[in-house]
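2 protein chains.
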Amino acid sequence: MARTVDPARHAARRRHIQDCAAALFATHGYERTTTAQICRAAGISPGNLYHYFASKKAIFLAVLTGDEDDTSAMLEQQLAADAPVEAVLEFVTHLAAPAAAHPAVPQLVLEAMLQAHRDPEIADVLGQADAAERAGLTALLQRALDAGAIDTELDPAETAAWLSTLVGAVFLDLALQPGSDPALRLSQLRRTVRAYLGG
Amino acid sequence: MARTVDPARHAARRRHIQDCAAALFATHGYERTTTAQICRAAGISPGNLYHYFASKKAIFLAVLTGDEDDTSAMLEQQLAADAPVEAVLEFVTHLAAPAAAHPAVPQLVLEAMLQAHRDPEIADVLGQADAAERAGLTALLQRALDAGAIDTELDPAETAAWLSTLVGAVFLDLALQPGSDPALRLSQLRRTVRAYLGG
DNA sequence: GTCTATACGGAGATAGAC
DNA sequence: GTCTATCTCCGTATAGAC
């Protein structure tokens, strides 16, 4: 059964549209970005967009799920590490690092968080990532507790939720404060986590 | 020069509309809230809205500036307090407390933060509040530094910015995680700040 | 597969009677 | 001052030629 055209070319073009849309969503937000803008940025005609995506929301979902996950690999690595507190710090740093990588990333994530509040489908995508994040943190914290490396009064799940919130803080700051120094924020985050865990 | 009607009644009705709009903005967001919804919630006809507000954005700005400021009074009080670290903690708690007061508050603030990214007028309103917040924190931290009550390596301005970010984290968490316990988050925030400041 | 043109719906804001 | 009715613009998505 022969395909009509080259599937690779189609996928590449789809990816191109997706990337252009991501930049627009990050700077202008989801609702204020029009499909016409996306088409203009991608260099295609308005109608042609729908040969690649079924709807505007489908583009947004593709953008959100497009970021590949190396988090589980990172988690395995840190669960096997020697120093349990350092392992938590490394994992937290890994989670926050994307926010510092490119200015558009935290903006896009923040936008997704708000949209998730209104759309179950988007909430699902983010919820899964968040659950994995917290589960990983909980496991690492439990290990640190067992090793007696952190304050024994800390509850692993509650602390994992809080550390996740602190990571969110870095995203929020870098998304909203253009003048913030990403490296400084990451170092402040590390000092914060280290001090919070006690030990 | 006689007024046409009772100004007090007009102000009360305006306030009523504003409150109804605030609830809608918090739950559905600014862009997804329609003027028709606001009118329905407030029990007025669609056209009548514009006798109280010039535009939809004017309503949003009124909502944002409507929250009265007792922050400066709180700051004066804490600048005169005996224990400088406790003063910082009290001030931080005061800044974060509104997030825990009512679920709609952090949602509304988050919505405003995103809109600020796209509208200079909204950015101004939030920027002024933010600047005051950081200035207050910087003053309190300088005082704690002078008293030798916190880690001498800390830079007051940078630390103030970070504490402000941490407060933002509580807002973000309570806005996005319906299951979060506000009291727990506030206590985690206090532990975090105390540990971060060292001393 | 890509284009141009347009249908369709909805949202903000206005007009004018009462 | 408040209402009903409506205007106008704009954004998504579709139709149909090439």
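Line order of the protein sequences matches chains F and H.
4 is the number of the first residue of the first sequence in our numbering; add one for each residue after it.
4 is the number of the first residue of the second sequence in our numbering; add one for each residue after it.
Every residue, glycine too, gets a C-beta built ideally from N, C-alpha and C.
* Asked: For a contact meaning CB atoms closer than 7 Å, what does G32 of chain H contact in chain F?
  -> L117, R121
* Is the beta carbon of R197 of chain H sitting closer than 8 Å to the one on L98 of chain H? -> no
* To do: Starting from the C-beta of V66 of chain H, find all residues in its chain whose C-beta is less than 8 Å away, skip the five residues before and the five after it, and write them out in chain order.
  => Q21, A24, A25, F28, L111
* Going by other Cβ atoms of all chains shown within 10 Å of its Cβ, with 16 needed for buried, is P10 of chain H buried or exposed? -> exposed
* To do: Kindly indicate which residue of F:E89, F:T37, F:A115, F:L64 has the alpha-carbon position closest to the one of G171 of chain F.
  => F:A115
* With 16 as the cutoff for other CB atoms within 10 Å, does G32 of chain F come out buried or exposed? -> buried
* Can you tell which of F:L78, F:R43, F:D122, F:S75 has its C-alpha closest to the C-alpha of K60 of chain F? -> F:D122
* **Neighbour-count burial assignment, R146 of chain F, 16 or more Cβ in a 10 Å radius** => buried
* Going by Cα to Cα distance, which pick from H:T74, H:I41, H:S75, H:L148 is closest to F63 of chain H? -> H:I41
* **L200 of chain F versus F:E156, F:P101, F:A102, residue with shortest Cα-Cα distance** => F:E156
* Asked: Where does R18 of chain F land, buried or exposed, given buried means 16+ other C-beta within 10 angstroms?
  -> exposed
* To do: For my contact list, A119 of chain H and I125 of chain H are in at a C-beta cut-off of 8 Å; report their separation, rounded to the angstrom.
  => 5 Å
* Within 8 Å, strictly: CB atoms of S167 of chain F and E136 of chain F -> yes
* Among F:D176, F:T141, F:E161, F:Q180, which has the Cα closest to the Cα of V88 of chain F? -> F:T141
* Return the residue from the list F:Q191, F:A163, F:Q131 that minimises the CA-CA distance to T162 of chain H. => F:Q191
* Which bits of chain F does T68 of chain H rub up against, with CB to CB less than 9 Å? -> Ordered by position in chain F, no residue passes the 9 Å Cβ test against T68 of chain H, which lies about 19 Å from the chain.
* When DSSP labels each residue in this structure, what does S233 of chain F get in the three-state scheme? -> What the structure shows of chain F is the stretch from 4 to 202, and residue 233 of chain F is not part of that stretch, so it cannot be assessed.
* For the alpha helix (DSSP H) that T141 of chain H lies in, which residues bound it at each end? -> 123 to 149
* **Supposed contact pair L52 of chain H and T38 of chain H - C-beta distance, whole angstroms, cut 8 Å** => 6 Å
* **8 Å Cβ cutoff met for A96 of chain F and R16 of chain F** => Reading off the sequence, residue 96 of chain F comes out as Thr, not Ala. No.
* To do: Indicate whether at least one CB of chain F lies closer than 8 Å to the CB of E89 of chain H.
  => no
* A178 of chain H: buried (16+ other C-beta within 10 angstroms of its C-beta) or exposed? -> buried
* From A100 of chain H to L189 of chain H, what distance separates their C-alpha atoms? -> 8 Å
* Asked: Does the beta carbon of T168 of chain H come closer than 8 Å to any beta carbon on chain F?
  -> yes
* Under 8 Å between C-beta atoms of L169 of chain F and L113 of chain H -> no
* To do: For Q81 of chain H, count neighbouring C-beta atoms within 10 Å of its own C-beta (all shown protein chains included) and say buried if the count is 16 or more, exposed if not.
  => buried
* **Integer Cβ distance of F94 of chain H from L143 of chain H, believed to fall under 8 Å** => 6 Å
* Asked: Where does I81 of chain F sit, in a helix, a strand or coil, going by DSSP?
  -> Reading off the sequence, residue 81 of chain F comes out as Gln, not Ile. DSSP places Q81 of chain F in helix when its eight states are reduced to three.
* C-alpha distance - D149 of chain F paired with D158 of chain F, whole-angstrom precision -> 12 Å
* Helix, strand or coil for Q40 of chain H per DSSP? -> helix
* 7 Å Cβ cut-off: residues of chain F touching Q191 of chain H -> W165
* Determine the chain H residues that contact L187 of chain F at a beta-carbon separation under 8 Å, and present them in chain order. => E161
* To do: Evaluate T195 of chain F with the Cβ neighbour count: other Cβ atoms within 10 Å of its Cβ, from every protein chain shown; 16 or more gives buried, anything less gives exposed.
  => buried
* To do: Spell out whether any CB of chain H is found under 8 Å from the CB atom of L203 of chain F.
  => In the structure as shown, chain F begins at 4 and stops at 202. Residue 203 of chain F is therefore absent and cannot be evaluated.
* To do: Give me the Cβ distance between A103 of chain F and A186 of chain F, rounded to the nearest whole Å; I'm assuming they're in contact under 8 Å.
  => 7 Å
* To do: May I have the straight-line CA-CA distance separating P106 of chain F from D73 of chain H, to the nearest angstrom?
  => 34 Å
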